[in-house]
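Visitor:
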Amino acid sequence: MELNYIIQREKDRYIYSRGDKRIEVPFELKIMEYPILSTDESITDFFGIVLDPPVYVNEDGEIKIYVKLPLDTGIFATNGSSYKLIDKIDVYPKKFALYGNIGEGVIYRYWKTSAYMEEFKPGRNEAITLIDIINKAESIGSISKVIFNSKALSLYSFDDSVCGEVIRVTRLQKGLAITKPINKPSIDGAKYIPTSPLSQ
Amino acid sequence: MIIILQILENIWNLIIQFENIFGAIVSIAIALLLGKYISVIIRRRLHEKVPPSTIQNVAKIVYYIILLIGIAVAIRILNIPGVTLSELLVAGGFAGIVIGLAAQPTLSNFIAGILLMTERPFKIGDFINYSGNVGMVVDVGLLSTKIQSWEGYYVRIPNNELFNSPLINYSNSKARLVRVQFTIPFEHDLKKVIQEVQNKLNEQWYVLADPGPVVFPIQFNDNGILIEARAWTSGNTWFTLYSQMPSLIEEVLKNLGVPYSYPRRILTEDRDIINK
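The listed protein sequences correspond, in order, to chains A and B.
For the first sequence, the positions run 1 to 200 when the numbering used here is used.
For the second sequence, the positions run 1001 to 1276 when the numbering used here is used.
This is how it looks when you write it as structure tokens:
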């Protein structure tokens, strides 16, 4: 996908322009492009991986799966230590869904994907992430959705590709699981992308 | 004559007791300042913990209670002969009953205001619908609630009415359903229309994938088949779906060559009856 933005030098600043958007950035800052998780914060902070087909885990069992995550492109102004998102180029059309009931549930960014048992090299605008599912319930578990706060998920780079943080899902009982990123790259040795998560 | 003398004696005593008057004024002044100070502290301490409207009303109530205590203390200091605190309380009680009867609607609004603050069926910024008045809550007062309508005007609703009547709060819902009904003539392929409308709705980013849109026939009427399309969307994008959905359906029907279903009657001619 063509990103179609232009950065021009002008006197004491850079001019970033894309379509009707025009942003002026002073010379002491750089404009850089980084991958960001494809979400829409104006609708929701939650991201939901919908596993198709669902993954089954034996009672007191553990399973590790890999999934693809969608990435958009973030344009950042940076002084080298802190980063400010100045533009976001959407690569993926977004869909949303409701988890739970209308009153107390959450709206999440809907992302349907298959579960892979082996590590794979993600394509352009994709990230690979490892989901570690632990079943502590006394029944066979079926995991069809992994929903987490997108502001808590870090991204890492490796061999010109992107991977996400390991997400641990602990199933406690039927219909109840704890999901949290565990501050560890899905691929060993991957380098932390400093702009992620976006809330930092 | 005796009464007049007594009143004059009382006034004389009051003049003598100038110190008491000064004390009373000081006590009211302290009550005013203390009330202001405590209400400011309440506003600061409860900030971010309690909704702004509740803070404002709690601060007001505390302020007036402190002021009333100040007035009671002032009366005590004045030590007006024949007027004791207990008598004042009894008189206040009677006055309360009289005022209560006279100001019944106001009091019921006040009590409803307190109940609204504790139960909190809505907060400032929520979109509500009360008896057809749809708008955003901009202020929740002790006696009334103010909403700003879609059209931009303000509607003041007494708290008593809000508390005792059915009220819809749109902002409490994470997702909203939009329903649109349309009719197609009998000659057209029902299954195809349903499938195409469903696909079109599914393509829209603001239509939720789960629960997904559903389209189904609900009635066979004189004009054709009445169909209902239902789609869910997030609370933030409700108006987008509400305003777009009829056009999306119309676009699908146009592409399929399905015309608007007019009312119609089919007349048949029986030649034998006519010839007779």
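All C-beta atoms, glycine included, are put in the ideal place defined by N, C-alpha and C.
Among all the DSSP beta bridges, which residues are the ones paired with Ala97(A)?
Guide: Looking up residue 97(A) in the first sequence gives position 97. Answer is Tyr108(A) and Asp1210(B).
Visitor: Taking the beta carbon of Val162(A) as the centre, do at least 16 other beta carbons fall within 10 Å, making it buried, or is it exposed?
Guide: For the purposes of this step, residue 162(A) is identified with residue 162 of the first sequence, where counting begins at 1. Burial call: buried.
Visitor: Taking the runs of the beta strand (DSSP E) that are 3 residues or longer, which of them lie wholly in the region 118-143 of chain A?
Guide: Runs found: 126-135.
Visitor: Is there a Cβ of chain A sitting closer than 9 Å to that of Gly1125(B), yes or no?
Guide: Indexing the second sequence from 1 puts residue 1125(B) at position 125. Not closer than 9 Å to any Cβ of chain A, the Cβ of Gly1125(B) fails to qualify, so no.
Visitor: Thinking just about the alpha-carbon of each residue, which of Ser157(A), Ala177(A), Trp111(A) and Ser150(A) is nearest to the one in Gly141(A)?
Guide: Sequence index remark: in the first sequence, residue 141(A) carries index 141 (1-based). Considering only alpha carbons, the answer is Ala177(A).
Visitor: Less than 9 Å between the beta carbons of Ile1227(B) and Gln1195(B), yes or no?
Guide: Position 227 of the second sequence, counting from 1, holds the residue named residue 1227(B). Position 195 of the second sequence, counting from 1, holds the residue named residue 1195(B). Cβ atoms of Ile1227(B) and Gln1195(B): not closer than 9 Å.
Visitor: Between which two residues does the beta strand (DSSP E) harbouring Pro26(A) extend?
Guide: Numbered from 1 along the first sequence, position 26 holds the residue referred to as residue 26(A). Counting along the chain, the beta strand (DSSP E) containing Pro26(A) begins and ends at Lys21 to Pro26.
Visitor: Cutting at 7 Å between CB atoms, please list the residues of its own chain near Leu1115(B), excluding the five before and the five after it.
Guide: Taking the second sequence and counting its residues from 1, the one referred to as residue 1115(B) is at position 115. Once the five neighbours on either side are set aside, the close Cβ partners of Leu1115(B) are Phe1163.
Visitor: Using beta carbons (cut-off 9 Å, strictly below), is Asp159(A) in contact with chain B?
Guide: Residue mapping note: residue 159(A) aligns to position 159 of the first sequence, counting from 1. By this cut-off, Asp159(A) is not an interface position.
Visitor: Establish whether the CB of Glu119(A) and some CB of chain B are separated by less than 9 Å.
Guide: Numbered from its first residue, the first sequence carries residue 119(A) at position 119. Output row for Glu119(A): interface = no.
Visitor: Please identify, using Cβ separations under 7 Å, the residues of the region 1184-1209 of chain B that lie next to chain A, in order along the chain.
Guide: Listed by position along the chain: Trp1205, Leu1208 and Ala1209.
Visitor: Are the C-beta atoms of Lys1174(B) and some chain A residue less than 9 Å apart?
Guide: Taking the first residue of the second sequence as 1, we reach residue 1174(B) at position 174. Closer than 9 Å to some Cβ of chain A, the Cβ of Lys1174(B) qualifies, so yes.
Visitor: CB-CB under 7 Å to Ala1225(B), same chain, minus the five flanking residues each way: which ones, in chain order?
Guide: The count along the second sequence starts at 1 and reaches residue 1225(B) at position 225. For the record, residue 1225(B) in the displayed sequence is Ile; it is not Ala. Thr1183, Ile1184, Phe1186, Leu1190 and Pro1217.
Visitor: Leaving aside the five residues before and after Ile7(A) along the sequence, list all residues of the same chain whose C-beta is less than 6 Å from its C-beta, in chain order.
Guide: As a working mapping, residue 7(A) is identified with position 7 in the first sequence. If we look at Ile7(A) and ignore the five residues flanking it on each side, its Cβ neighbours are Tyr14, Tyr16 and Ile31.
Visitor: Within 9 Å of any Cβ in chain A, is that where the Cβ of Trp1238(B) sits?
Guide: By 1-based counting over the second sequence, the position of residue 1238(B) is 238. No, Trp1238(B) does not count as interfacial toward chain A.
Visitor: Could you tell me which of Asp87(A), Ala77(A) and Lys136(A) sits nearest to Arg203(A), measuring between CA atoms?
Guide: Absent from the model: residue 203(A). The displayed extent of chain A is 1 to 200, so no value can be given.
Visitor: Does any residue of chain A have a CB that is nearer than 9 Å to the CB of Trp1150(B)?
Guide: Looking up residue 1150(B) in the second sequence gives position 150. Not an interface residue.
Visitor: Would DSSP call Glu165(A) helix, strand or coil?
Guide: Along the first sequence, one-based indexing puts residue 165(A) at 165. It is a strand residue.
Visitor: Examine the Cβ distances between the region 181-196 of chain A and the region 148-168 of chain A and report whether three or more of them are shorter than 8 Å.
Guide: Cβ pair count under 8 Å is three or more, so yes.
Visitor: Please compile the residues from chain B whose C-beta is within a distance smaller than 7 Å of the C-beta of Ile107(A).
Guide: Locating residue 107(A) in the first sequence gives position 107, counting from the first residue. Those are Lys1174, Ala1175 and Ser1234, listed as they occur along chain B.
Visitor: Return the chain-ordered list of same chain residues with a C-beta closer than 8 Å to the C-beta of Leu85(A), the five sequence neighbours on each side being excluded.
Guide: In the first sequence, residue 85(A) corresponds to position 85, counting from 1. Once the five neighbours on either side are set aside, the close Cβ partners of Leu85(A) are Ile36, Gly74, Ile75, Phe76, Thr195 and Leu198.
Visitor: In chain order, which continuous runs of the beta strand (DSSP E) of length 3 or greater are located wholly inside the region 1068-1136 of chain B?
Guide: You should have 1127-1130.
Visitor: Applying a beta-carbon distance threshold of less than 7 Å, which residues of chain A neighbour Pro1263(B)?
Guide: Counting from 1 along the second sequence, the entry for residue 1263(B) is found at position 263. The contacting residues do not exist; Pro1263(B) stays about 37 Å from chain A at best.
Visitor: Quick one: is Thr1268(B) buried, meaning 16 or more other Cβ sit within 10 Å of its Cβ, or exposed?
Guide: What you label residue 1268(B) is simply residue 268 of the second sequence in a count that begins at 1. Exposed, because fewer than 16 other Cβ atoms sit within 10 Å of the Cβ of Thr1268(B).
Visitor: Report yes or no: is there a C-beta of chain A within less than 9 Å of the C-beta of Pro1211(B)?
Guide: For the purposes of this step, residue 1211(B) is taken as residue 211 along the second sequence, with counting starting at 1. Yes, Pro1211(B) lies at the interface with chain A (some Cβ there is under 9 Å from its Cβ).
Visitor: Taking just the CA atoms, how far does Pro93(A) sit from Ile1266(B)?
Guide: Residue 1266(B) sits at position 266 when you count from the first residue of the second sequence. Residue 93(A) sits at position 93 when you count from the first residue of the first sequence. Roughly 48 Å separates the two Cα atoms.
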